[in-house]
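Peer 1: Just dropping this structure here.
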Amino acid sequence: MLPQIKTLDEYRQQYQASVDDPQQFWANIGAHFNWQRKWDKVLDWNFQDPSIKWYDGAQLNITENCLDRHLPARADQVAIIWEPNDPKEAARHITYGELHASVQRFANVLLNNGVKKGDRVCIYLPMIPEAAVAMLACARIGAVHSVVFAGFSAQSISDRVNDSGCRMIITADGFYRGEKKFELKGIVAAALQSTPTIEKCIVFNHRNLPVKMEAGRDLWWHEEWQKADAENKAATVEAEDPLFILYTSGSTGKPKGVLHTTAGYMVFAAYTFKNVFQYQEGEVFCCTADIGWVTGHSYIVYGPLLNGATTIMFEGVPTYPDHGRFWELIDKHKVNIFYTAPTAIRSLQAFGEDIFADKDLSSLRVLGSVGEPINEEAWHWYHDNVGKGKCPIVDTWWQTETGGVMISPLAGITPLKPAFATLPLPGVELLLVDEKGNEIKGNGVEGNLCIRHPWPGMARSVYGDHPRFKQTYFSTYPGLYFTGDGCRRDEDGYYRITGRVDDVINVSGHRIGTGELEDAISMHGEVIESAVVAYPHDVKGQAIYAYVICDKHIENKDVLYKDIRDHVTQVIGAFARPDKIQIVPGLPRTRSGKIMRRILRKIAEGDTGNLGDTSTLIDPSVVDTIKAEAIH
Ligand code: WT7
């Protein structure tokens, strides 16, 4: 059994050991997994190239660790509980034995359809167990999954499919989220108009929605299932073979295909799950993220299954059929650990405490928060009303690129401080630096958050573009991994994330690059140029404010605004729609042509009293016009 830290002293001692001798520390953790061949060297690295290799020389299959290994003890234990969008529909309970059988069979479906080790497979599915089956089946044969969140547009799918040259895409007819219907197959059909590498599209019939199947390309999941053999021997995969690609936004350019490899990711996902949540044998774990994001990868699928846990997949939304849905779900499935995003907490907070009436939340032992800073008010509401003052909250800071949780309390062990992610996990060596890259030592300080030593779960590259990996994460401060976040270390040495210091916006925990959004808006026929900034929002954390320059006088602005929003939905997805749009005659530019976003941000925040020095602008008068017409 994977080691679990039990006391604060033990945490401190383990942390020290992980810094003093990282190789020995991670060798000890690695010893608790199934390897087809043991590693030659625990770690080989430099942050210059950068090149990071964990457990090099080892061979394994992550699905043997998620599934086969548990069978003697847990074949009949529930691995996945599926809670459907409509609470009147029956939940599904899938045991480890059943999941193992499904993954083997679907692995054979992949093989029968020409997918080979190393091939990329795109997964565009709703929150149904088949999504986990598809991911694990890829891993079973050594194919690389690239899950695309089912809220992304056709354009976003084809961009991602083409970037990594996916050979197959797996989707469903569609699904309902709340009252809303999403017809996935139609969106995929549009995407596949421009994806030359896709040979096969496998369609799971989830809701019996009418779909058009293209002969030769589109295949029904259930028909392929019938044709496939039941048994599949797990492929032999090298430690550093890719496991998955997950696209994420940065401040510039198109989304990056963050690449994770097999052994290090496995060890880190499993270790962090067990220690952060202090998972106990037999407990029910519920993470409300979507598997289209890294949280779903690491803490719905891999982390829980590697630990033999019972994990919930929830298809719906917190507000359907009413605002008590989360609490009903906890009551119904006797959830012990509940992990959600601050946005969800803030959106439910507004409905008062009545939504808890007649719900029994006594099964809860640990609460978690992820994806964005949690404000103190939301923290206390979560702690007092959901946890009834008895459940520790683990505020977990991490990123798509880190693979697993990096800074977090260990539930019930680390003394909490509201809105603080508290302390780094063993193996995570943090430092704060100033703009020039000088380390800011001591406590009671603030700076840019960097990491000085590799950890097993870290991304290894940007798919197909290693120079971009170096440029994005290892060039700002040579020799260090730069997170893009600002951070405070208080008098007790506790860490509090203050938010992105780059041009990345975090709307409801969704990461959106301003550059990407500006490109999408500027592609609209009537827009010449745009600049996007974030402003604080009570529920979403941050919201999007877009300044646009149009090529002619606009008669009906509301029509244009709606049009721009629809356009963004088409290019990226509905979650990236700007909240406020303002037509402006020009943008505040410096003589070197740089847009002064600082000023745009202040105006969006409604803080126009002191805009600072505007003397370097080419045309300072443009600021007055923007200010006068700002939307509040
Ligand atoms: C960015 C990463 C971690 C999985 C989900 C998001 C922000 C994440 C916290 C937290 C404050 C947080 C950071 C980070 N973030 N967790 N507990 N407190 N901020 O993954 O989409 O890769 O986004 O989310 O700004 O850099 P992601």
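Heads up, the sequence shown stops at 1276 in this note's numbering, and the numbers go up one at a time, no gaps. We treat Cβ as the ideally placed atom computed from N, Cα and C, and that holds for glycine. All figures in this text were calculated on a predicted structure; none of them were measured in a lab.
Can you tell me whether DSSP reads residue 810 as helix, strand or coil?
Peer 2: coil
Peer 1: Check the C-beta distance from residue 691 over to residue 1113 and give it rounded, since I have them as a contact under 8 Å.
Peer 2: Their Cβ separation, rounded to whole angstroms, is 11 Å, which puts residue 691 and residue 1113 out of contact at 8 Å.
Peer 1: Can you give me the C-alpha to C-alpha distance between residue 1214 and residue 779, rounded to a whole angstrom?
Peer 2: 26 Å
Peer 1: In terms of residue numbering, what span does the alpha helix (DSSP H) encompassing residue 708 cover?
Peer 2: Residues 706-710.
Peer 1: Is the beta carbon of residue 1013 within less than 7 Å of some heavy atom of the ligand WT7?
Peer 2: yes
Peer 1: Per DSSP, which one or two residues make a beta bridge with residue 1154?
Peer 2: 1151
Peer 1: List in chain order: all unbroken alpha helix (DSSP H) runs of 4+ residues lying wholly within the stretch 953-1037.
Peer 2: 969-977, 986-993, 1020-1025
Peer 1: Does the stretch 894-911 touch the stretch 1147-1163, meaning 3 or more C-beta pairs lie closer than 8 Å?
Peer 2: yes
Peer 1: How many angstroms separate the CA atom of residue 1239 from the CA atom of residue 1231?
Peer 2: 7 Å
Peer 1: Is residue 1029 closer than 8 Å to residue 1277 when the C-beta atoms are compared?
Peer 2: Lying outside 645 to 1276, the shown extent of the chain, residue 1277 is not represented and no answer is given.
Peer 1: Answer with buried or exposed for residue 924, where buried requires no fewer than 16 other C-beta atoms within 10 angstroms of its C-beta.
Peer 2: With fewer than 16 Cβ atoms within 10 Å of its Cβ, residue 924 is classed as exposed.
Peer 1: What distance in whole Å lies between the Cβ atoms of residue 987 and residue 1183, which are believed to be in contact at a cut-off of 8 Å?
Peer 2: Right, their Cβ atoms sit about 6 Å apart.
Peer 1: Does any heavy atom of the ligand WT7 sit closer than 7 Å to the C-beta of residue 944?
Peer 2: no
Peer 1: With DSSP collapsed to three states, give me the class of residue 1174.
Peer 2: strand
Peer 1: Can you give me the start and stop residues for the beta strand (DSSP E) that residue 1075 sits inside?
Peer 2: 1074-1077
Peer 1: Starting from residue 741, follow the alpha helix (DSSP H) in both directions and report where the run begins and ends.
Peer 2: Segment 740-756, the alpha helix (DSSP H) holding residue 741.
Peer 1: What residues in its chain sit with their C-beta under 7 Å from that of residue 795, if we drop five residues either side in the sequence?
Peer 2: 1217, 1218, 1219
Peer 1: Let's see if you can read the secondary structure: which residues bound the beta strand (DSSP E) around residue 1192?
Peer 2: Element bounds for residue 1192: 1185-1194.
Peer 1: Mark residue 1155 as exposed unless 16 or more other C-beta atoms lie within 10 angstroms of its C-beta, in which case mark it buried.
Peer 2: buried
Peer 1: Give a yes or no on whether the minimum CB-CB distance between residue 1040 and chain D is below 8 Å.
Peer 2: Protein chain content of the structure displayed is limited to a single chain, and chain D is not contained in it.
Peer 1: Under a Cβ-count criterion, where at least 16 other Cβ atoms within 10 Å of its own Cβ denotes burial, should residue 680 be classed as buried or exposed?
Peer 2: exposed
Peer 1: Here's the rule: buried if 16 or more other CB atoms are within 10 angstroms of the residue's CB, otherwise exposed. What is residue 1262?
Peer 2: exposed
Peer 1: Based on DSSP bridge pairs, tell me the residues matched to residue 821.
Peer 2: Looking at the DSSP output, residue 821 sits in a beta bridge with 824.
Peer 1: Could you give the uninterrupted runs of the beta strand (DSSP E) lying entirely in the stretch 1208-1269, keeping only those of 3 residues or more?
Peer 2: 1224-1227
Peer 1: Confirm, please, whether the CB-CB distance from residue 1194 to residue 950 is below 8 Å.
Peer 2: no
Peer 1: Residue 634 lies in the alpha helix (DSSP H); which residues open and close that run?
Peer 2: Given that the chain is displayed from residue 645 to residue 1276, the structure contains no residue 634 and the question cannot be resolved.
Peer 1: Pick from 886, 809, 777, 766: whose alpha carbon is nearest that of residue 869?
Peer 2: 777
Peer 1: Smallest Cα separation from residue 824: which of 730, 832, 738, 902?
Peer 2: 730
Peer 1: Does the distance between the C-beta of residue 935 and the nearest non-hydrogen atom of the ligand WT7 fall short of 7 Å?
Peer 2: no
Peer 1: I want to check one thing, is the minimum distance from the CB of residue 811 to the heavy atoms of the ligand WT7 below 7 Å?
Peer 2: no
Peer 1: With a floor of 3 residues, list each beta strand (DSSP E) that falls wholly inside the stretch 670-694, ordered by position along the chain.
Peer 2: Listed in chain order, they are 685-690.
Peer 1: Identify the continuous alpha helix (DSSP H) that holds residue 946 and give its terminal residues.
Peer 2: No alpha helix (DSSP H) holds residue 946; DSSP gives it neither H nor E.
Peer 1: Give a single yes or no on whether residue 707 has its beta carbon closer than 7 Å to a heavy atom of the ligand WT7.
Peer 2: no
Peer 1: Quick check on the burial criterion: 16 or more other C-beta atoms within 10 angstroms. Buried or exposed for residue 684?
Peer 2: exposed
Peer 1: Along the alpha helix (DSSP H) that carries residue 659, what are the first and last residues, could you check?
Peer 2: 652-664
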